[in-house]
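Residue numbers (my numbering), protein chains in the order written: chain A, 1 to 215; chain C, 1001 to 1215; chain V, 2001 to 2215; chain Z, 3001 to 3215. Even for Gly, the Cβ is constructed at its ideal location relative to N, Cα and C. Reading through the structure tokens given below for one structure.
There are 4 protein chains.
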Amino acid sequence: MADTSLLRDLPTTGRGLRTRSALVSAARTVFERDGYLDSRLIDITKEAQCSAGTFYTYFAGKDEIFAAVLETAQEDMMHPGMPHVEADDDPIAVIEASNRAYFAAYQRNAKLMGLLEQVANIDPQFRRLRQRRADAFVRRNARSIATLQDRGLADAKLDPLLASLALSGMISRLGFAYFVTEPNVGEGVQPASFDDLVSIATRLWANALRLPMHD
Amino acid sequence: MADTSLLRDLPTTGRGLRTRSALVSAARTVFERDGYLDSRLIDITKEAQCSAGTFYTYFAGKDEIFAAVLETAQEDMMHPGMPHVEADDDPIAVIEASNRAYFAAYQRNAKLMGLLEQVANIDPQFRRLRQRRADAFVRRNARSIATLQDRGLADAKLDPLLASLALSGMISRLGFAYFVTEPNVGEGVQPASFDDLVSIATRLWANALRLPMHD
Amino acid sequence: MADTSLLRDLPTTGRGLRTRSALVSAARTVFERDGYLDSRLIDITKEAQCSAGTFYTYFAGKDEIFAAVLETAQEDMMHPGMPHVEADDDPIAVIEASNRAYFAAYQRNAKLMGLLEQVANIDPQFRRLRQRRADAFVRRNARSIATLQDRGLADAKLDPLLASLALSGMISRLGFAYFVTEPNVGEGVQPASFDDLVSIATRLWANALRLPMHD
Amino acid sequence: MADTSLLRDLPTTGRGLRTRSALVSAARTVFERDGYLDSRLIDITKEAQCSAGTFYTYFAGKDEIFAAVLETAQEDMMHPGMPHVEADDDPIAVIEASNRAYFAAYQRNAKLMGLLEQVANIDPQFRRLRQRRADAFVRRNARSIATLQDRGLADAKLDPLLASLALSGMISRLGFAYFVTEPNVGEGVQPASFDDLVSIATRLWANALRLPMHD
DNA sequence: CATGAATGAGAGTTCATTCAT
DNA sequence: AATGAATGAACTCTCATTCAT
């Protein structure tokens, strides 16, 4: 998820490791609290209980520590602990499991996702990072769609990559809408439960591919 | 689209009107060139060929002139000149026309949409503005879905509002991906033509609602 | 009271006279409300319901209009309508009448006196103006003290001018403390009635000169 | 004298202490030279030979450093090294010693007193500060007057607090007139020697209280 | 005489980054 | 490896004053 080019080698000593880790953790706290733009390096070092100068021992700037923060969540976001589903399971069950895992991971890292959205629209470095991450999802889903088409289960007229781009976008947008955007009370769209979300996402996805339904 | 609360009364004299308009136009140029954050007020006044002080005769700050810029595109974005479609037309034709009009408007205002995305993730004021705009689309589409359900044409098991939220998000996400995001050459997903875009969006939307297809 | 060198000729036409007068009156309102430093020329013209440019038809700047404002109160301050007292009256009665008239004028023009204090400590022009005004009082009182000494009624060891300087300062300081300074509630010195003020001022003055007392 | 609420903690390191102290000293120089209003932060930092940014390490603004400047003179002003006088000494000698000490302190800090007068008429914060300082003097003198009344030495008809307010004001006004106001050559009141000043102030004070005199 | 838009110099303030200790 | 004081460039915003209409 994180651009490895943004990350330097980890410090070797134990103390160095601890300080670096305190900074990353402090940065996450501060970023989530104040946003990327409004956070100052000094806030991060204060939170990490170290001096301003120390920061530069480990990071070249705000972007570099933000990349480090993202990296801590990378594993969780890219490979959400999906309950194992057999390949020959009901395709809809697979989609549902996948959506559920995706939304759960989104919710766990909601603040960070919002932050990434903020930063990606500011800094090309992170725009590319977000893009790569999204592309990985899109390609994975495209492969799955192609398989379903090969098995004669999905609408063959759909270009798998385009369809995946659209549907993956739909899912990630729902995640953003439900877990990042503060619910605008009064006006706006009604809230839905987590299960409603999984359920509508899955049904729309399945419908969109024209998977055979048993209901 | 733009928050009218951000906008003060227009100047009364002709000269004032001209200056204000030059500033708004210059601001759009500068914002689209440098981005919202990296643009400085003096760049805008330089572009508009007036002094820094003059800016403050018409706007209180960057946010206020950005709202004014958005307002100039509001009409075009909210009511994209949709080719008239008869109500009893083929529902899929209606959806296609709507998607086509939406994408066309998105493309016309692509830079501005990217800017709005940038600013909305920074400034709560504009987050709300974007939200309101999105909600209007979602509700409009939800009504249309409900009507199709009533006519027995669309999957009755879908909550119209949730379905609309998901599908509208899908469309707007596609617009963002294709018209705003710079195509990352080499890696990433393949480009598609404008017509491909309309076509896949329409087919996925129709499928998702389980509209009867004639193919 | 006002430095006449600060004042230009009055306008000749009726309209001009009216506009100028509206400006002076507006200026007094604004100065008293916002203070000299915090008031902006534009506030004055707004209050006077004329344009910014018009101001310069009549005044060269804030100081000039402030001088004009002071002038309107000059007469009242310099020659407070003192009830006529016979020269051979009881000297203490004369002093009391004089103090009463002084305090009454101070109270009537309290806001303006506070303003003058503010401006005199900023602008040498008005420092001199205040000085001249004070000197006039001091000299007048010095003459009165000298007369009482000549008549064998007042302490002959006092230098009349120095004594007048000190005692006149005492009186004007009391006026400032009671009518200009906002009473600091809770802490600070107790309030006194207007009559108490006159009475203590008079008694101290009379004592200080060792005027014979009948009590 | 200075409002402690305006003062933050002193820096801990030696270097910090030195820089802060250089800034305060530079500020006093600049304020006394240019006045409070006409001085710019960069003049102060230039005088202190440090950068503009450094200023903000120690002070939030001009008012805060002015408070710090006042604080350096506080002790000297509030407790002027008065030569010890026995409590049962001649009351007039006590008053004279007190006046002498007051005027001497006033003279030593004349520029600062003028500055305080300037600022107190502009900034409520410092108005209160000046007020508190004045009140302390007034109350101290009121106690002394009350004691003399109790001993049957002073005019019993005077309210001690009011009398002290008036007489203390007289003294401080004389200090201002003699040490702060630039002597307006030619016009105005004649100058007096320091001893004349002490002597007239003391005689008027003693007379005003009707203390028994031996002359 | 009146208008009010335009001017532009100048001040305060922030904060990422450096570097002597 | 850690400190934290010092730096200084950069930007916003104000408002007295002018002048074409």
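Inset, instruction - Using a Cβ-Cβ cut-off of less than 9 Å, list which residues of the stretch 127–159 of chain A approach chain C; keep chain order. - result: R127, R128, Q131, R132, A134, D135, V138, R139, A142, D155, K157, L158, D159
Legend entry - Counted within 10 angstroms of its Cβ, other Cβ atoms place T2012 (chain V) as buried (16 or more) or exposed: By one-based count along the third sequence, residue 2012 (chain V) stands at place 12. T2012 (chain V) is exposed by the Cβ-count criterion.
Legend entry - Interface flag, E3117 (chain Z) vs chain V, CB-CB below 7 Å: Position 117 of the fourth sequence holds residue 3117 (chain Z). Yes, E3117 (chain Z) lies at the interface with chain V (some Cβ there is under 7 Å from its Cβ).
Legend entry - Under the three-state DSSP convention, the category S2051 (chain V) falls into: Position 51 of the third sequence, counted from the first residue, corresponds to residue 2051 (chain V). Coil, per DSSP.
Inset, instruction - Give the range of the alpha helix (DSSP H) segment to which F2066 (chain V) is assigned. - result: In the third sequence, counting from the first residue as 1, residue 2066 (chain V) sits at position 66. That run of the alpha helix (DSSP H) goes 2062–2078.
Inset, instruction - Would you mind sorting A105 (chain A) into buried or exposed? The rule is 16 or more other CB atoms within 10 Å of its CB. - result: Here the question's residue 105 (chain A) lines up with position 105 in the first sequence. Classification for A105 (chain A): buried.
Inset, instruction - Enumerate in chain order the residues of its own chain whose CB-to-CB distance from N99 (chain A) is below 6 Å, with the five nearest sequence positions on each side excluded. - result: Position 99 of the first sequence, counted from the start, is the residue given in the question as residue 99 (chain A). Hits under 6 Å: V198, A201, T202.
Inset, instruction - Taking the CB atoms as reference points, tell me whether L3204 (chain Z) and A2208 (chain V) lie closer together than 7 Å. - result: Numbered from its first residue, the fourth sequence carries residue 3204 (chain Z) at position 204. Numbered from its first residue, the third sequence carries residue 2208 (chain V) at position 208. In contact: L3204 (chain Z) and A2208 (chain V) (Cβ atoms closer than 7 Å).
Inset, instruction - Examine chain V for any beta-carbon lying closer than 7 Å to the beta-carbon of M3001 (chain Z), and answer yes or no. - result: The residue given as residue 3001 (chain Z) occupies position 1 in the fourth sequence. For M3001 (chain Z), the pLDDT reaches just 41, beneath the cut-off of 50, and the residue's location in the model is therefore unreliable, leaving the point undetermined.
Inset, instruction - Would you please state the rounded distance, in angstroms, between the beta carbons of R1128 (chain C) and L1116 (chain C)? I believe it to be under 8 Å. - result: One-based indexing of the second sequence puts residue 1128 (chain C) at position 128. One-based indexing of the second sequence puts residue 1116 (chain C) at position 116. Actually they do not touch by this definition, with Cβ atoms about 12 Å apart.
Legend entry - Own chain residues within Cβ distance below 8 Å of D1043 (chain C), not counting five before or after: Translated into positions along the second sequence, residue 1043 (chain C) becomes position 43. Hits under 8 Å: V1030, D1034.
Inset, instruction - At 8 Å on the CB atoms, spell out the chain A contacts of M1170 (chain C), in chain order. - result: Numbered from 1 along the second sequence, position 170 holds the residue referred to as residue 1170 (chain C). What M1170 (chain C) touches in chain A: A166, L167, G169, M170, R173.
Inset, instruction - Report all residues from its chain with a CB closer than 8 Å to the CB of A2206 (chain V); omit the five preceding and five following residues, and keep chain order. - result: By 1-based counting over the third sequence, the position of residue 2206 (chain V) is 206. Only P2091, I2092, I2095, M2213 meet the Cβ criterion.
Inset, instruction - Grab me the residues of T2977 (chain Z)'s own chain with a C-beta within less than 7 Å of its C-beta, minus the 5 sequence neighbours each way, in chain order. - result: Past the edges of chain Z, shown from 3001 to 3215, lies residue 2977 (chain Z), and the structure says nothing about it.
Inset, instruction - Quick one: give me the first and last residue of the alpha helix (DSSP H) that V2102 (chain V) is part of. - result: On the third sequence, position 102 is the one that residue 2102 (chain V) refers to. The sequence as given places Tyr at residue 2102 (chain V); Val does not occur at that position. Taken as a continuous stretch (DSSP letters only), the alpha helix (DSSP H) holding Y2102 (chain V) covers 2091–2108.
Inset, instruction - Provide the residue span of the alpha helix (DSSP H) that contains V1024 (chain C), from first to last. - result: As a first step, residue 1024 (chain C) must be located in the second sequence, where it is residue number 24. V1024 (chain C) -> alpha helix (DSSP H) spans 1014–1034.
Inset, instruction - Residues of the stretch 1011–1044 of chain C with a CB closer than 8 Å to any CB of chain A: list them in chain order, please. - result: G1035, L1037
Inset, instruction - Note down, in chain order, each residue of its chain lying with its Cβ closer than 8 Å to the Cβ of E3032 (chain Z), except the 5 sequence neighbours on either side. - result: Mapped onto the fourth sequence, residue 3032 (chain Z) falls at position 32. Cβ within range, chain order: K3111, L3112, L3115.
Inset, instruction - Taking A142 (chain A) and P124 (chain A) to be in contact with their CB atoms under 8 Å, please state how far apart those CB atoms are, rounded to whole angstroms. - result: The residue given as residue 142 (chain A) occupies position 142 in the first sequence. The residue given as residue 124 (chain A) occupies position 124 in the first sequence. Not a contact, Cβ separation roughly 25 Å.
Inset, instruction - Look up R2059 (chain V) in the DSSP assignment and say whether it is helix, strand or coil. - result: The residue you call residue 2059 (chain V) lines up with position 59 of the third sequence. Reading off the sequence, residue 2059 (chain V) comes out as Phe, not Arg. Residue state, collapsed to three classes: coil.
Inset, instruction - Specify the secondary structure class of R2979 (chain Z) as computed by DSSP and reduced to three states. - result: Lying before the first or after the last residue shown, residue 2979 (chain Z) is absent from chain Z, which here runs from 3001 to 3215.
Inset, instruction - Classify L3158 (chain Z) as helix, strand or coil using the three-state DSSP reduction. - result: Translated into positions along the fourth sequence, residue 3158 (chain Z) becomes position 158. Correct three-state label for L3158 (chain Z): coil.
Inset, instruction - Please determine if the stretch 170–177 of chain A and the stretch 142–156 of chain A are in contact, where contact requires at least 3 C-beta pairs separated by less than 8 Å. - result: no
Legend entry - Exposure of G3169 (chain Z), with buried meaning 16 or more beta-carbon neighbours within 10 Å: As a working mapping, residue 3169 (chain Z) is identified with position 169 in the fourth sequence. The residue is buried, with at least 16 neighbouring Cβ atoms inside 10 Å.
Legend entry - First and last residue of the uninterrupted alpha helix (DSSP H) at D2123 (chain V): Reading the third sequence from its first residue, position 123 is the one you call residue 2123 (chain V). Per DSSP, D2123 (chain V) belongs to no alpha helix (DSSP H) and is neither H nor E.
Legend entry - Euclidean distance between Cα positions of K2046 (chain V) and R2020 (chain V): As a position in the third sequence, residue 2046 (chain V) is number 46, starting the count at 1. As a position in the third sequence, residue 2020 (chain V) is number 20, starting the count at 1. Each residue's Cα considered, the two are about 13 Å apart.
Inset, instruction - Report yes or no: is there a C-beta of chain C within less than 7 Å of the C-beta of A101 (chain A)? - result: Locating residue 101 (chain A) in the first sequence gives position 101, where the first residue counts as 1. False, the Cβ-Cβ gap to chain C never drops below 7 Å.
Legend entry - S2039 (chain V), DSSP secondary structure in three states: Along the third sequence, read from residue 1 onward, the residue named residue 2039 (chain V) stands at position 39. Looking at S2039 (chain V) - three-state DSSP - the assignment turns out to be coil, as it is neither helix nor strand.
Inset, instruction - Check whether the Cβ atoms of A3022 (chain Z) and A3048 (chain Z) sit closer than 7 Å, and answer yes or no. - result: Stepping through the fourth sequence from its first residue, residue 3022 (chain Z) is reached at position 22. Stepping through the fourth sequence from its first residue, residue 3048 (chain Z) is reached at position 48. Yes, the Cβ-Cβ distance between A3022 (chain Z) and A3048 (chain Z) is below 7 Å.
Legend entry - C-alpha gap between L2211 (chain V) and A2154 (chain V), whole angstroms: Locating residue 2211 (chain V) in the third sequence gives position 211, where the first residue counts as 1. Locating residue 2154 (chain V) in the third sequence gives position 154, where the first residue counts as 1. In a straight line, the C-alpha of L2211 (chain V) is about 5 Å away from that of A2154 (chain V).
Legend entry - Nearest-angstrom Cα separation, counted from F2137 (chain V) out to Q2149 (chain V): As a first step, residue 2149 (chain V) is located in the third sequence; it is residue number 149 there, counting from the start. As a first step, residue 2137 (chain V) is located in the third sequence; it is residue number 137 there, counting from the start. Distance between the alpha carbons of Q2149 (chain V) and F2137 (chain V): 18 Å.
Inset, instruction - Just confirm the distance between the C-beta atoms of N2109 (chain V) and Q3118 (chain Z), as a whole number of angstroms; I'd bet it's less than 8 Å. - result: By one-based count along the third sequence, residue 2109 (chain V) stands at place 109. By one-based count along the fourth sequence, residue 3118 (chain Z) stands at place 118. Actually they are not in contact, since the Cβ atoms of N2109 (chain V) and Q3118 (chain Z) sit about 22 Å apart, beyond 8 Å.
Inset, instruction - Kindly indicate which three-state DSSP category E3182 (chain Z) falls into: helix, strand or coil? - result: The residue given as residue 3182 (chain Z) occupies position 182 in the fourth sequence. E3182 (chain Z): coil per DSSP, three-state reduction.
Inset, instruction - Look at the Cβ atom of V24 (chain A), then the Cβ atom of A67 (chain A), and state whether they are nearer than 7 Å. - result: The sequence position of residue 24 (chain A) within the first sequence is 24, counting from 1. The sequence position of residue 67 (chain A) within the first sequence is 67, counting from 1. The answer is no: Cβ separation not under 7 Å.
Inset, instruction - Report the three-state DSSP secondary structure of R2132 (chain V) (helix, strand or coil). - result: Translated into the one-based positions of the third sequence, residue 2132 (chain V) becomes position 132. In this structure, R2132 (chain V) counts as helix in the three-state DSSP scheme.
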